[in-house]
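Trainee: I have a structure here, written as structure tokens, and I will follow up with some questions on it.
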Amino acid sequence: MSSLNSQCFEPPPRLPGQKIEEYCESFQINAEAGNIREWTLPIECVGFVRRYTTGPRYLQDLSFMADQATKHAQSIKVRDDGRDSWVFDVDETLLSNVAYFAKHNYGASKFNQTDFSIWIEKGKATAIVPMRTLYHKLIKAKWTVYLMSQQRNESQRAITEKNLRDVGYRRWKKLFLSAPRRLNVVEDINTAGNSKWYGEIKSSGGRIQATVGDNWDTDFDPNPFPGSMAFKSPNAMYNMA
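1 is the number of the first residue of the sequence shown in our numbering; add one for each residue after it.
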């Protein structure tokens with residue numbers, strides 16, 4: 001899939017003698033670090049991303065990140081006022097859409113919002129197991145959990161909540177969703193980012209101690225609480241810029 005945006009930057013070409021696997025690994029590292037703006041997966045990297053996303057390495061990377069997030073949570077004494085908050089993005093953080101993107105060149109094909117909306121309405125996204133384990137630990141430790149999604153809109157609330165519950169997520173405080181988008185109209189889905197939603201949590205007294213998301217451009221608090229952490233879950237398929 002392309003970046004979920006109408007404008008993408010071309011990646012640099014492969015260096016002379018550079019193997020495809022090496023090139024794609026460099027692309028992935030720089031994409032994950034946020035060094036490439038509005039990227040589209042190069043077509044020659046489809047095989048690399050397929051092997052990464054469906055093989056053991058993806059879950060190993062997620063487990064590593066979830067372990068660090070767990071340690072951060074355990075380092076904080078959760079107060080009894082219900083204000084110590086943790087924010088999760090939904091897609092490619094709590095829910096996996098790999099089954100959808102496997103049919104679209106693992107992100108190298110042009111993104112079609114209508115097709116993706118049809119996939120969402122099926123409610124078949126699966127749980128990302130290391131994230132679900134982290135989520136359950138936080139709920140058990142009495143954290144207040146918020147969910148956010150720029151990719152899903154209010155008309156998809158019922159199916160999104162059902163999908164989340166069906167795969168084991170419950171007891172979140174609030175799920176923030178974007179406004180419905182107009183069909184066949186190119187819109188910048190990151191016009192306001194999640195700033196408004198983070199502001200709402202803070203205005204209600206929430207102390208956002210951590211955020212977990214898969215896109216640097218859209219998922220993280222622009223004005224973080226002192227000492228808070230941003231945990232980046234791997235997403236080799238797309239960038240929602």
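C-beta: ideal position from N, C-alpha, C; glycine also.
Taking the straight line between their C-alpha atoms, what separation do you get for aspartate 84 and glycine 227?
Mentor: Using only the alpha carbons, I get a separation of about 12 Å.
Trainee: Along the chain, which unbroken stretches of the alpha helix (DSSP H) at least 4 residues long are found entirely within the region 134-205?
Mentor: Counting only runs of 4 or more, we get 157-166 and 195-203.
Trainee: Out of Ile20, Glu22, Ile29 and Leu15, which has the shortest C-alpha to C-alpha gap to serine 233?
Mentor: Taking only the C-alpha atoms, the option nearest serine 233 is Ile29.
Trainee: Take glutamate 121 and list the residues in its own chain whose beta-carbon comes closer than 6 Å to its own, dropping the five residues that flank it on each side.
Mentor: The residues are Ile159.
Trainee: Determine the direct distance from the alpha carbon of glycine 47 to that of alanine 102, and round the result to whole angstroms.
Mentor: Rounded to the nearest angstrom, the two C-alpha atoms are 11 Å apart.
Trainee: Mind checking which residues open and close the alpha helix (DSSP H) that includes glycine 47?
Mentor: From DSSP, the alpha helix (DSSP H) with glycine 47 extends over 46-54.
Trainee: In the structure shown, what three-state DSSP assignment does aspartate 61 receive?
Mentor: It is helical.
Trainee: DSSP state of lysine 77, grouped into three classes?
Mentor: Lysine 77 falls in the coil class under three-state DSSP.
Trainee: Rounded to whole angstroms, what is the Cα-Cα separation between phenylalanine 27 and aspartate 115?
Mentor: Those two C-alpha atoms are separated by around 27 Å.
Trainee: Since threonine 114 is in the alpha helix (DSSP H), which residue starts that stretch and which ends it?
Mentor: First-last of the alpha helix (DSSP H) with threonine 114: 113-122.
Trainee: Give the C-beta separation of phenylalanine 111 and leucine 147 to the nearest angstrom, bearing in mind that I take them to be a contact with Cβ-Cβ under 8 Å.
Mentor: 22 Å between Cβ atoms; not a contact.
Trainee: Nearest to threonine 218 by CA position, among Gly205, Asn194, Gly17 and Thr211, is which residue?
Mentor: Threonine 218 has its Cα closest to that of Asn194, out of Gly205, Asn194, Gly17 and Thr211.
Trainee: According to DSSP, is glutamine 18 part of a helix, a strand, or is it coil?
Mentor: Here glutamine 18 sits in coil by DSSP.
Trainee: For isoleucine 208, which beta-bridge partners are listed by DSSP?
Mentor: According to DSSP, which records beta bridges pairwise, isoleucine 208 is partnered with Ser85.
Trainee: I believe proline 11 touches isoleucine 43 by the beta-carbon criterion, under 8 Å. Please report the beta-carbon distance rounded to the nearest angstrom.
Mentor: Proline 11 to isoleucine 43, Cβ: 11 Å. No contact.
Trainee: Could you name the residues that DSSP lists as bridge partners for methionine 229?
Mentor: Answer is Ala210.
Trainee: Just checking my contact of alanine 99 with lysine 124 at CB under 8 Å: how many whole Å lie between their CB atoms?
Mentor: About 7 Å; that satisfies the 8 Å criterion.
Trainee: Using the Cα positions of lysine 19 and valine 90, report the straight-line distance between them to the nearest angstrom.
Mentor: C-alpha separation (whole angstroms): 34 Å.
Trainee: Taking DSSP's pairing of strands, which residues face isoleucine 91 in a bridge?
Mentor: It is worth fixing the name first, because residue 91 is aspartate in this sequence and not isoleucine. Bridge partners of aspartate 91: Leu95.
Trainee: With DSSP collapsed to three states, give me the class of alanine 236.
Mentor: Three-state DSSP puts alanine 236 in coil, outside helix and strand.
Trainee: Going by the DSSP bridge assignment, what does alanine 127 pair with across the sheet?
Mentor: For alanine 127, which the question treats as bridged, DSSP gives the partners Leu95.
Trainee: Nearest-angstrom Cα distance between methionine 65 and phenylalanine 231?
Mentor: Those two C-alpha atoms are separated by around 7 Å.
Trainee: Counting pairs of beta carbons, one from the region 131-141 and one from the region 55-73, are three or more of them closer than 8 Å?
Mentor: Result yes; three or more Cβ-Cβ pairs closer than 8 Å.
Trainee: I need the DSSP call for serine 26, collapsed to helix, strand or coil.
Mentor: Helix at serine 26.
Trainee: State the DSSP-derived secondary structure class of alanine 108, mapped to helix, strand or coil.
Mentor: If DSSP states are grouped into helix, strand and coil, alanine 108 belongs with coil.
Trainee: To the nearest angstrom, how far is it from the Cα of glycine 206 to the Cα of glycine 213?
Mentor: Distance between the alpha carbons of glycine 206 and glycine 213 is about 19 Å.
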